[in-house]
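Student: Chains as they are written, first to last, in the working numbering: chain A, 162 to 241; chain B, 3 to 392. Where a beta carbon is used, it is the ideal one built from N, C-alpha and C, also for glycine. Sharing a structure here in structure tokens format.
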Amino acid sequence: MKVTICVGSTCHLLGSRTVVDRFKALVEEHHLTDKVELSGKFCMGKCGEGVCVTIDGVTHVIQKDQADEFFEREILAKAV
Amino acid sequence: MNDERFIDTGYISLLKHGEQLCGDRVIFTSNENTRIGVLADGLGSGVKANILATLTAQILATMSVGGMSVEDCVNTVVRSLPECSVRRIAYSTFTIIKIRDQRYVELTRFDNPHTIVLRDGKNHEFEYRSRLIDGKPIYESRFEAQVGDVFVVISDGVNFAGLGGAYPFGWGRDNVIRFLEAHYDPEMPARRIACTLAEECLRLYEGMPGDDTTIAVMRLARPHTVNLMIGPPSSADLDGTMLNAFFAQPGERIVCGGSTNKLAARYLGKELTASLDYCDSDLPPMYHLEGVDLSTEGALTISRVLEYAGEYLSGTQLHPRWEHGRDGAAQIARRLFEKATDVNFFVGCAMNPAHQNPKLSLAFGAKFQLIDKLSKRLEEMGKRVTVRFF
Numbered sequence: 162m163k164v165t166i167c168v169g170s171t172c173h174l175l176g177s178r179t180v181v182d183r184f185k186a187l188v189e190e191h192h193l194t195d196k197v198e199l200s201g202k203f204c205m206g207k208c209g210e211g212v213c214v215t216i217d218g219v220t221h222v223i224q225k226d227q228a229d230e231f232f233e234r235e236i237l238a239k240a241v
Numbered sequence: 003m004n005d006e007r008f009i010d011t012g013y014i015s016l017l018k019h020g021e022q023l024c025g026d027r028v029i030f031t032s033n034e035n036t037r038i039g040v041l042a043d044g045l046g047s048g049v050k051a052n053i054l055a056t057l058t059a060q061i062l063a064t065m066s067v068g069g070m071s072v073e074d075c076v077n078t079v080v081r082s083l084p085e086c087s088v089r090r091i092a093y094s095t096f097t098i099i100k101i102r103d104q105r106y107v108e109l110t111r112f113d114n115p116h117t118i119v120l121r122d123g124k125n126h127e128f129e130y131r132s133r134l135i136d137g138k139p140i141y142e143s144r145f146e147a148q149v150g151d152v153f154v155v156i157s158d159g160v161n162f163a164g165l166g167g168a169y170p171f172g173w174g175r176d177n178v179i180r181f182l183e184a185h186y187d188p189e190m191p192a193r194r195i196a197c198t199l200a201e202e203c204l205r206l207y208e209g210m211p212g213d214d215t216t217i218a219v220m221r222l223a224r225p226h227t228v229n230l231m232i233g234p235p236s237s238a239d240l241d242g243t244m245l246n247a248f249f250a251q252p253g254e255r256i257v258c259g260g261s262t263n264k265l266a267a268r269y270l271g272k273e274l275t276a277s278l279d280y281c282d283s284d285l286p287p288m289y290h291l292e293g294v295d296l297s298t299e300g301a302l303t304i305s306r307v308l309e310y311a312g313e314y315l316s317g318t319q320l321h322p323r324w325e326h327g328r329d330g331a332a333q334i335a336r337r338l339f340e341k342a343t344d345v346n347f348f349v350g351c352a353m354n355p356a357h358q359n360p361k362l363s364l365a366f367g368a369k370f371q372l373i374d375k376l377s378k379r380l381e382e383m384g385k386r387v388t389v390r391f392f
């Protein structure tokens, strides 16, 4: 599963770093390093409402404090 | 043979232990053909010394830029300085160094320690002529500089380092020269030369300088161009024009901003990638694009470079944050402040919709203001700067 997080200016200001850090930690915690590939991505053109996260080509816009909840719902549930 | 030259300048002041203000003052300035450095050391320390040194340095720098004679400069300083109520004298020592056409050096000194000149990494002795101006002995020297020459202007706090401790009267000029020769590296930027010597002084003073200690360095270097592109052009029709202009320039290339990097990647036919390594910084991570030297995020990174530029010019930090950092701003800062002699900005004028978002700390026109301020800062550092808009 390929998960990309936007590291452009706007997403950065809206907390992409928090999302990256939480995802990295959660991937480790759930022993998913060989199943989930995390990488950075450039602006996906949906700036301003939250942090843009793409899972296998589908873009989601999330708030930084929803990172854990989102991870469980969209990544953990589908990766295991 | 290409004999193009450039003058790299940098300085550092260490405060006398317990003081909040520096009694030494350095000003670098230029007119069309001359780069000027002034170091003034005000009598005493703290507020009084700071006022004396600031006034003296400012008068000397302003008058020298205007091409006034040494006599006029000294006269004006003598008549303008306020008298110390305790000592009944108005006093600030000074050194003025002028380098015309990157070649002709004129040194003028009143009561400051001898300026040290390194040529090919070795101490270069030169003749001084002395005369009295307003009853004050002024030492003057003129000679022709060579590429690689390093001029080290110091306040007496440098020679006195170690006083009362390792050295009863301070480590002295001969040891300062030996230290500079031993640490000579032809590629070392002026500011680092100053900081390396300051670090040793601080060590000799055991972390508590007994006097304000200032080192101002001017160095004759070969030119080095850095080109920085930020923002897509105002219209897509101009993409080719901007990219052609940017990639036609010799020198290093830095591309800032996600969309701008995408344009450059398409132009080069290379893949653009973003890392998730935050390099212990709160800035967005670095990008990577084959064919350019640095690829980074835009507005946030450049705002940080601007902060670093202010710190560079303040001459108060021995170990600035940008000196070793791996983040984009630190890497840009090192290239612009320490390597570049010429900086060309290529600024695309497209409005970035993200900068309009009231939830974010970016304002409309942020990019233009940033580049405008940064180019002014770089000019203060003595760099030749051009800005082109697309």
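1. Whose C-alpha, out of V79/B, T58/B and G209/B, is nearest the C-alpha of G20/B?
2. Rounded to a whole number of angstroms, what is the C-alpha to C-alpha distance between R234/A and V188/A?
3. With a threshold of 8 Å between beta carbons, is K225/A in contact with chain B?
4. When you compare each of N77/B, A223/B and D74/B to E6/B by their alpha carbons, which one comes out closest?
5. Counting pairs of Cβ atoms below 8 Å between the stretch 310 to 325 of chain B and the stretch 210 to 226 of chain A, do you hit three or more?
6. Specify, as a first and last residue, the run of the alpha helix (DSSP H) that I1/B falls within.
7. Using beta-carbon positions only, say whether M288/B and S305/B come within less than 8 Å of one another.
8. Can you check whether the C-beta of R178/A is within less than 8 Å of a C-beta belonging to chain B?
9. Against chain B, with Cβ distances strictly below 8 Å, would H221/A count as a contact?
10. Taking 8 Å as the cut-off, decide whether the C-beta atoms of D158/B and K18/B are in contact.
11. What residues in the stretch 273 to 284 of chain B bring their beta carbon closer than 8 Å to a beta carbon of chain A?
12. Taking E299/B as the query, report the chain A residues whose CB atoms sit under 8 Å from its CB, ordered along the chain.
13. May I ask you to list, following chain order, the residues of the stretch 240 to 260 of chain B that have a beta carbon less than 8 Å from some beta carbon of chain A?
14. Can you confirm whether the stretch 226 to 238 of chain B touches the stretch 341 to 353 of chain B when touching is taken to mean that 3 or more C-beta pairs between the two stretches lie within less than 8 Å?
15. May I have a chain-ordered list of the beta strand (DSSP E) segments no shorter than 3 residues that lie completely inside the stretch 207 to 294 of chain B?
16. Quick one: list the residues of chain B neighbouring L199/A, beta-carbon separation under 9 Å, in chain order.
17. Within the continuous beta strand (DSSP E) that includes L134/B, where are the two ends?
18. In the stretch 226 to 241 of chain B, which residues sit with their C-beta less than 7 Å from some C-beta in chain A, listed in chain order?
19. Indicate the three-state DSSP secondary structure (helix, strand or coil) for V241/A in the structure shown.
20. From the beta carbon of V181/A, is the nearest beta carbon of chain B less than 8 Å away?
21. In chain A, which residues lie less than 8 Å from L302/B when you measure between Cβ atoms?
22. To the nearest angstrom, how far is the alpha carbon of S94/B from that of L54/B?
23. Below 8 Å on the Cβ atoms is my guess for P252/B versus C351/B; work out the distance and round it to an integer in Å.
24. DSSP three-state call for S71/B: helix, strand or coil?
25. Could you check the C-alpha separation between D151/B and T275/B for me, to the nearest Å?
26. Please report the Cβ distance between E299/B and H173/A, rounded to the nearest whole angstrom; I am assuming they are in contact, meaning their Cβ atoms lie under 8 Å.
27. What are the residues in the stretch 163 to 188 of chain B lying within 7 Å of chain A by C-beta distance?
28. Roughly how many angstroms separate the alpha carbons of T11/B and R180/B, rounded to a whole number?
29. Pick from C75/B, W324/B and D122/B: whose alpha carbon is nearest that of T1/B?
30. Given a cut-off of 8 Å on the beta-carbon distance, is the pair I61/B and V49/B in contact?
31. Report yes if the CB atom of A266/B is closer than 8 Å to the CB atom of L285/B, and no otherwise.
32. Give the straight-line distance between the Cα atoms of G176/A and D229/A, rounded to the nearest whole angstrom.
33. In terms of DSSP beta bridges, what is C213/A paired with?
34. Compare the Cα-Cα distances from Q227/A to each of G201/A, F184/A, S200/A and L193/A and report the closest residue.
35. Rounding to the nearest angstrom, what Cα-Cα distance links E189/B and D239/B in this structure?
36. Look up F391/B in the DSSP assignment and say whether it is helix, strand or coil.
Tutor: Judging by the given coordinates:
1. Taking the first residue of the second sequence as position 1, residue 20/B is located at position 18. Nearest option by C-alpha distance: G209/B.
2. What you label residue 234/A is simply residue 73 of the first sequence in a count that begins at 1. What you label residue 188/A is simply residue 27 of the first sequence in a count that begins at 1. Cα to Cα, R234/A sits roughly 13 Å from V188/A.
3. Here residue 225/A corresponds to residue number 64 of the first sequence, with the count starting at 1. By this cut-off, K225/A is not an interface position.
4. Position 4 of the second sequence, counting from 1, holds the residue named residue 6/B. Among N77/B, A223/B and D74/B, the Cα nearest to that of E6/B belongs to A223/B.
5. no
6. A question about residue 1/B goes unanswered here, because the residues of chain B that appear run from 3 up to 392.
7. For the purposes of this step, residue 288/B is taken as the residue at position 286 of the second sequence. For the purposes of this step, residue 305/B is taken as the residue at position 303 of the second sequence. Judged by beta-carbon spacing, S305/B lies beyond the 8 Å limit of M288/B, meaning their Cβ atoms are not closer than that value.
8. Here residue 178/A corresponds to residue number 17 of the first sequence, with the count starting at 1. It does: the Cβ of R178/A has a partner Cβ on chain B nearer than 8 Å.
9. Sequence index remark: in the first sequence, residue 221/A carries index 60 (1-based). False, the Cβ-Cβ gap to chain B never drops below 8 Å.
10. The residue given as residue 158/B occupies position 156 in the second sequence. The residue given as residue 18/B occupies position 16 in the second sequence. No, Cβ-Cβ distance for D158/B and K18/B is not below 8 Å.
11. L274, T275, A276, S277, L278, Y280 and D284
12. For the purposes of this step, residue 299/B is identified with residue 297 of the second sequence, where counting begins at 1. At a beta-carbon threshold of 8 Å, the residues of chain A lying near E299/B are V168, G169, S170 and H173, ordered along the chain.
13. For the stretch 240 to 260 of chain B, which is checked against every Cβ of chain A, the residues closer than 8 Å are G259 and G260.
14. yes
15. Segments of the beta strand (DSSP E) lying fully in the stretch 207 to 294 of chain B: 215 to 223, 227 to 232, 254 to 258, 274 to 276 and 289 to 291.
16. Within the first sequence, residue 199/A is the residue found at index 38, counting from 1. Within 9 Å Cβ-Cβ: L278.
17. The residue labelled residue 134/B in the question sits at position 132 within the second sequence. It spans R131 to I135 - the beta strand (DSSP E) in which L134/B sits, taken as one unbroken run.
18. none
19. The residue you call residue 241/A lines up with position 80 of the first sequence. V241/A falls in the coil class under three-state DSSP.
20. If you number the first sequence from 1, residue 181/A lands on position 20. Taking Cβ atoms only, chain B reaches closer than 8 Å to V181/A, which makes this a yes.
21. For the purposes of this step, residue 302/B is taken as the residue at position 300 of the second sequence. Those within 8 Å of L302/B in chain A are S170, H173 and L174.
22. Position 92 of the second sequence, counted from the first residue, corresponds to residue 94/B. Position 52 of the second sequence, counted from the first residue, corresponds to residue 54/B. Using only the alpha carbons, I get a separation of about 6 Å.
23. The residue you call residue 252/B lines up with position 250 of the second sequence. The residue you call residue 351/B lines up with position 349 of the second sequence. That belief does not hold up - the Cβ atoms of P252/B and C351/B are roughly 25 Å apart, past 8 Å.
24. Residue 71/B sits at position 69 when you count from the first residue of the second sequence. Coil, per DSSP.
25. Against the second sequence, residue 151/B aligns to sequence position 149. Against the second sequence, residue 275/B aligns to sequence position 273. Their backbone Cα atoms lie some 42 Å apart in a straight line.
26. Translated into the one-based positions of the second sequence, residue 299/B becomes position 297. Translated into the one-based positions of the first sequence, residue 173/A becomes position 12. Rounded, the Cβ-Cβ distance is 7 Å, consistent with contact.
27. Taking a C-beta cut-off of 7 Å against chain A, none of the residues of the stretch 163 to 188 of chain B qualify.
28. Counting from 1 along the second sequence, the entry for residue 11/B is found at position 9. Counting from 1 along the second sequence, the entry for residue 180/B is found at position 178. Whole-angstrom Cα-Cα distance: 22 Å.
29. It is not possible to answer for residue 1/B, since the shown part of chain B is limited to 3 through 392.
30. Here the question's residue 61/B lines up with position 59 in the second sequence. Here the question's residue 49/B lines up with position 47 in the second sequence. In this structure, V49/B does not lie closer than 8 Å to I61/B by Cβ.
31. What you label residue 266/B is simply residue 264 of the second sequence in a count that begins at 1. What you label residue 285/B is simply residue 283 of the second sequence in a count that begins at 1. Result no, Cβ atoms of A266/B and L285/B do not sit closer than 8 Å.
32. Reading the first sequence from its first residue, position 15 is the one you call residue 176/A. Reading the first sequence from its first residue, position 68 is the one you call residue 229/A. When only Cα atoms are considered, G176/A and D229/A end up about 13 Å apart.
33. Taking the first sequence and counting its residues from 1, the one referred to as residue 213/A is at position 52. Its beta-bridge partners are V222/A.
34. Here residue 227/A is taken as the residue at index 66 of the first sequence, counted from 1. Out of G201/A, F184/A, S200/A and L193/A, F184/A has the C-alpha closest to the C-alpha of Q227/A.
35. Indexing the second sequence from 1 puts residue 189/B at position 187. Indexing the second sequence from 1 puts residue 239/B at position 237. Roughly 42 Å between the two C-alpha positions.
36. As a first step, residue 391/B is located in the second sequence; it is residue number 389 there, counting from the start. Reduced to three states, the DSSP call for F391/B is strand.
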